[in-house]
Structures are given as C-alpha cells and as structure tokens.
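Please read the structure below before turning to the comments.
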Amino acid sequence: MAKLKCVPVTPERWPDLEALFGERGACGGCWCMAWRLPRREWEAGKGEPNRRALRRIVRKGPPPGIIAYCGRTPVGWCAVAPRKDYAFLERSRVLRPLDTVPVWSVSCLFVRRPFRRRGVSVALLRAAVRFVREQGGTAVEGYPVEPRSGSMPDTFAWTGLLKGFLEAGFIEMPRWSESRPIVRYVIEG
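Structure, rendered in structure tokens:
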C-alpha cells in the first residue's frame with residue numbers, strides 16, 4: 030500500500046467519508062456513533078439520524094478520526110477521540126480506565142472490502158497516533174478483539190484486531206477481562 034495517505038477527516042473530506050461508509054453507514058446504520066451515544070439513542074438513530082450526528086461532529090471539529098486514501102479513493106477510517114467523548118467507555122466495566130492517564134481512544138476501524146488485509150488498519154493506527162500527538166495528547170488506547178480460532182467475520186472486528194495494534198506499536202496492558210485486550214501507545218514527549 031505504498032500509495033496510502035492517511036489524514037484527519039475535515040468538513041471538506043465529509044463527502045469522502047460518506048462515500049466510504051456507503052448507504053449502510055459502514056455497518057447497519059452505525060455511522061460510527063455506537064460508542065458516542067447512549068445505546069437507546071444510538072439504536073433509535075440507526076441510519077440517517079446517526080449520519081447527521083457524525084456530520085455535526087465533523088463540522089464542529091476537532092476531526093473525529095482519520096481517513097485513508099489509496100490515490101483519490103477513500104479506503105479506510107479510524108475513529109479516535111478523547112476517551113471522555115465515548116459514552117460507551119464511560120459505562121463499561123470491562124474497558125474501564127486502567128489508571129488516571131488522560132487517553133485518547135480508538136473506537137472503530139473500517140476498511141473498504143477490497144483493501145482489507147493489506148495493512149490499511151496499521152497505517153490508520155499510526156496516523157491516529159500522529160494526530161493525537163499533534164493535538165497534545167500523551168497516550169492512545171485501543172480495545173481490539175482477539176479471534177480465538179485465527180479468524181472471525183469482518184463485521185465483528187470493527188474495533189480492530191490485536192495483532193494490528195501490536196504491529197502499529199501499541200503495547201498490551203493488563204486486562205480487566207480475559208476475553209478483551211486493552212492496548213496503549215504512550216507518546217514520548
């Protein structure tokens with residue numbers, strides 16, 4: 030993927046994010062709002078309401094994530110924001126804070142089907158770390174899945190795979206749950 034370019038999503042890039050997510054909003058009308066909204070609100074908003082909510086976030090700024098391009102074609106997305114922006118994480122016992130370090134969190138990775146398993150997620154994660162550094166952040170966390178049998182359907186891997194985070198330089202942290210890894214990238218000052 031030598032031609033891959035990863036940049037923050039800005040209002041000017043909104044049409045590219047819409048094209049990448051397609052009519053289904055990446056997955057079942059989510060529009061990357063599953064962790065940002067209370068569950069009931071997210072469920073009720075599947076589709077157009079969630080699309081509008083993400084568009085408002087993009088317009089308001091700062092950018093809520095990174096978009097990857099192969100040439101001019103949008104091929105991938107990585108949602109990254111301060112942990113406090115994700116209502117789901119505030120409620121989660123399994124992914125509760127490890128300590129008092131103010132982290133940014135990667136909540137979603139989405140790669141267009143023909144570009145999967147080609148290093149796009151790793152490039153997006155590295156770009157997310159650079160973005161967080163530019164925003165003054167000192168740590169980035171991820172909450173990947175770890176397939177037990179070697180692979181899993183792509184729709185279940187939307188928080189990323191452990192091996193991709195490790196390849197991008199994240200370090201596995203102590204787990205609150207045996208089944209759910211937590212990884213962190215500490216940004217050197």
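Counting in this note's numbering, the sequence shown tops out at residue 218, every number present.
Just so you know, even glycine gets a beta-carbon here, dropped at the ideal spot from N, CA and C.
Selected residue, minimal CA-CA separation from residue i, among the options
i: tyrosine 172; options: Val161, Glu163, Phe199; result: Phe199
i: proline 111; options: Pro91, Gly94, Ser134, Glu119; result: Ser134
i: tryptophan 205; options: Asp114, Arg122, Glu72, Lys75; result: Arg122
i: leucine 118; options: Ile216, Arg65, Ala82, Phe194; result: Arg65
i: alanine 82; options: Arg142, Ala156, Lys192, Trp43; result: Trp43
i: proline 91; options: Phe160, Arg209, Glu217; result: Phe160
Proximity test, residue i beta-carbon vs the ligand MN heavy atom, cut-off 7 Å
i: arginine 204; result: Absent from the structure shown: the ligand MN. Ligands present: none.
Pairwise C-alpha distance: residue j and residue i
i: cysteine 99; j: valine 130; result: 35 Å
i: arginine 53; j: tyrosine 214; result: 31 Å
i: cysteine 137; j: leucine 190; result: 11 Å
i: arginine 162; j: arginine 68; result: 30 Å
i: aspartate 45; j: arginine 84; result: 12 Å
i: glutamate 175; j: proline 78; result: 31 Å
i: leucine 33; j: alanine 152; result: 8 Å
i: glutamate 207; j: lysine 89; result: 38 Å
i: lysine 75; j: glutamine 164; result: 30 Å
i: tryptophan 187; j: aspartate 114; result: 18 Å
i: arginine 142; j: isoleucine 216; result: 31 Å
i: threonine 167; j: glutamate 70; result: 31 Å
i: tyrosine 145; j: phenylalanine 194; result: Checking the sequence, you will find arginine at residue 145 rather than tyrosine. For arginine 145 and phenylalanine 194, the distance between alpha carbons rounds to 15 Å.
Contact check, residue i vs residue j, beta carbons under 8 Å
i: isoleucine 211; j: leucine 124; result: yes
i: isoleucine 95; j: proline 37; result: yes
i: valine 149; j: alanine 108; result: no
i: methionine 62; j: leucine 127; result: no
i: valine 158; j: valine 140; result: no
i: cysteine 35; j: alanine 156; result: yes
Burial state of residue i, where buried means 16 or more other Cβ atoms lie within 10 Å
i: glycine 51; result: exposed
i: glycine 57; result: exposed
i: proline 103; result: buried
i: glutamate 72; result: exposed
i: alanine 48; result: exposed
i: valine 105; result: Checking the sequence shown, residue 105 turns out to be glycine, not valine. Burial call: buried.
i: arginine 80; result: buried
i: proline 93; result: buried
Can you give, in chain order, each stretch of the beta strand (DSSP E) that sits fully within the segment 136-180 and has at least 3 residues?
168-171
Sequence ranges, beta strand (DSSP E) only - wholly within the segment 64-146, length at least 3
94-99, 102-111, 133-140
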